[in-house]
Amino acid sequence: MSSLLYLVLAVAGGFLVLLLGLNMLVRWKAGAMRGQPLPEVPGPMGPALSKAQQALVYFFSPQCGACRMLTPKMRALSSANENVFVVDITQQLEVARALRVLATPTTFEIERGVVVGVHIGGLPPEVERRFAI
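What follows is the structure, encoded as structure tokens:
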């Protein structure tokens with residue numbers, strides 16, 4: 183009986199290590215975008231992002247639990263600020279691919295055509311304040 187318990191604990195531990203590793207990989211890849219020029223973004227959003235002094239691009243998925251809580255807030259922010267874009271990755275996958283989005287919710291801060299911040303999960307309050315009217 184005790185060997186079965188050890189097996190279950192080993193499998194659970196391995197799964198936990200795998201999840202933590204994936205989380206770290208996603209955050210590392212997102213961090214690698216900081217300081218990089220904005221890649222070419224397809225569709226009407228591309229020129230708007232290139233021209234903006236400051237822009238915020240929020241990516242969400244309707245199936246994402248955290249996104250369900252954050253998306254209404256980001257939509258309100260987008261309605262009040264023309265440089266805040268809300269992107270449903272199930273509808274605009276090509277935009278998500280251009281910015282190499284690996285997880286939702288993810289928000290990109292862009293200044294003068296350069297990615298200055300990538301936030302996975304919630305948005306830091308100081309970023310919200312910068313884009314609020």
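All you need for our numbering is the position in the sequence shown, starting with 1, plus 182. Beta carbons: idealized from backbone N, C-alpha and C, even for Gly.
In terms of alpha-carbon separation, which member of the options lies closest to residue i?
i: valine 300; options: Met227, Arg311 and Phe241; result: Phe241
i: valine 266; options: Glu276, Arg311, Ser185 and Ser184; result: Arg311
i: serine 232; options: Val277, Pro306, Arg294 and Val298; result: Arg294
i: alanine 285; options: Gly303, Leu259 and Met215; result: Gly303
i: methionine 125; options: Gln235, Leu305 and Ser184; result: Because the chain in this structure spans residues 183 to 315, residue 125 falls outside the shown range and cannot be described.
In terms of residues, what are the limits of the alpha helix (DSSP H) holding residue i?
i: leucine 252; result: 247–262
i: valine 277; result: 275–280
With burial defined as no fewer than 16 other Cβ atoms inside 10 Å of the residue's Cβ, what is the status of residue i: buried or exposed?
i: valine 296; result: exposed
i: valine 190; result: exposed
i: proline 229; result: exposed
i: leucine 281; result: buried
i: tyrosine 188; result: exposed
i: leucine 275; result: exposed
In this structure, how does DSSP classify residue i when only helix, strand and coil are distinguished?
i: glycine 228; result: helix
i: glutamate 310; result: helix
i: alanine 234; result: coil
i: valine 193; result: helix
Need the endpoints of the beta strand (DSSP E) that residue i sits in, please.
i: valine 268; result: 266–270
i: valine 297; result: 296–302
i: glutamate 291; result: 288–293
Taking 8 Å as the threshold, find out whether the stretch 264–283 comes into contact with the stretch 230–248 through three or more Cβ pairs.
The stretch 264–283 vs the stretch 230–248: in contact.
Should the stretch 252–264 be regarded as contacting the stretch 215–229, the criterion being three or more beta carbon pairs within less than 8 Å?
no
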